Ligand SMILES: Cc1cc2nc3c(=O)[nH]c(=O)nc-3n(C[C@H](O)[C@H](O)[C@H](O)COP(=O)(O)O)c2cc1C
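Numbering (my numbering), first residue to last: 1 to 208.
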């Protein structure tokens with residue numbers, strides 16, 4: 001085994017190593033509003049769920065390479081609201097383009113040809129093309145570190161889920177075989193979740 005010490009590597013190489021070790025990662029495609037009502041949309045693969053009572057999610061917006069706060073973080077800090085959209089394989093290209101650094105005030109929705117539709121409980125819009133959308137309110141922001149690529153964990157509560165009918169199994173569950181999920185790995189790698197790449201493994205003692 002070769003051993004790596006992050007402080008020897010520096011932030012850039014550590015980021016590359018970390019993201020190639022912790023993979024695949026789900027992607028939160030996060031829409032937010034700035035206080036002047038401009039819509040923002042960007043992907044974040046430092047993303048997961050943490051509990052279900054209430055439904056709790058977390059994603060991390062790291063500082064930019066020059067140590068600045070990204071728009072998504074600033075918007076959530078000032079409005080306390082966001083929507084997590086899921087991008088299946090068919091939306092991968094558009095999702096990727098929403099990570100481009102457009103000038104402040106430019107809406108990624110317009111730039112990449114996506115349709116913002118009103119949410120029910122929060123001001124940020126949903127991505128109409130996305131088949132899974134979660135309206136969220138901020139619980140807490142926890143910053144870990146300072147400077148370039150330091151983490152800012154945005155912890156939120158899901159207020160409501162919107163799921164495309166054709167993905168539903170027994171009316172209340174998403175059939176993961178139908179979504180065509182994608183996941184983020186290291187470098188520029190992604191994976192695609194197809195029925196052939198899945199396997200079924202019940203937890204011990206929990207039946208079939
Ligand atoms: C698939 C993918 C995953 C990403 N994951 C993250 C992430 O977890 N955290 C982060 O800070 N940036 C991540 N980025 C980069 C941001 O999307 C990018 O910095 C974006 O411009 C931020 O937008 P904003 O300034 O409008 O918030 C990711 C980019 C892509 C394409």
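A virtual CB, placed ideally from N, CA and C, is assigned to each residue, including glycine.
Bear in mind the structure is a predicted one, so any value in this text is a computation, not a measurement.
Could you give the distance in angstroms between the alpha-carbon of residue i and the alpha-carbon of residue j?
i           : j           : result
residue 171 : residue 181 : 20 Å
residue 48  : residue 148 : 22 Å
residue 61  : residue 84  : 13 Å
residue 159 : residue 144 : 26 Å
residue 30  : residue 36  : 18 Å
residue 70  : residue 64  : 7 Å
Could you please give the first and the last residue of the uninterrupted alpha helix (DSSP H) stretch that includes residue i?
i           : result
residue 178 : 176-179
residue 2   : Run containing residue 2: none; DSSP gives neither H nor E here.
residue 15  : 11-21
So is residue i buried or exposed if we call it buried at 16+ other beta carbons inside 10 Å?
i           : result
residue 195 : exposed
residue 108 : buried
residue 142 : exposed
residue 202 : exposed
residue 28  : buried
Can you list, in chain order, the residues of its chain with a C-beta nearer than 7 Å to that of residue i? Leave out the 5 residues immediately preceding and following it.
i           : result
residue 214 : Here the chain comprises residues numbered 1 to 208, so residue 214 is not present and cannot be evaluated.
residue 123 : 33, 79 and 81
residue 67  : 147 and 148
Suppose the cutoff is 6 Å on Cβ atoms and the five residues either side in sequence are ignored; what does the same chain contact list for residue i look like?
i           : result
residue 9   : none
residue 127 : 85 and 114
Mapping DSSP to helix, strand and coil, what is residue i?
i           : result
residue 214 : In the structure as shown, the chain begins at 1 and stops at 208. Residue 214 is therefore absent and cannot be evaluated.
residue 164 : coil
residue 70  : coil
residue 151 : strand
residue 100 : coil
residue 28  : strand
residue 109 : helix
residue 202 : coil
Spatial neighbours of residue i within its chain, please: CB distance less than 8 Å, with the 5 preceding and 5 following residues excluded, ordered by chain position.
i           : result
residue 174 : 132, 163, 167 and 168
Compute the minimum distance between the beta carbon of residue i and the heavy atoms of ligand 2, and state whether it is under 7 Å.
i          : result
residue 16 : With respect to ligand 2, the structure shown offers nothing to examine, as its ligands consist of ligand 1.
Return the first residue and the last residue of the beta strand (DSSP E) that residue i is part of.
i           : result
residue 184 : 182-184
residue 119 : Here residue 119 belongs to no beta strand (DSSP E), and DSSP marks it neither H nor E.
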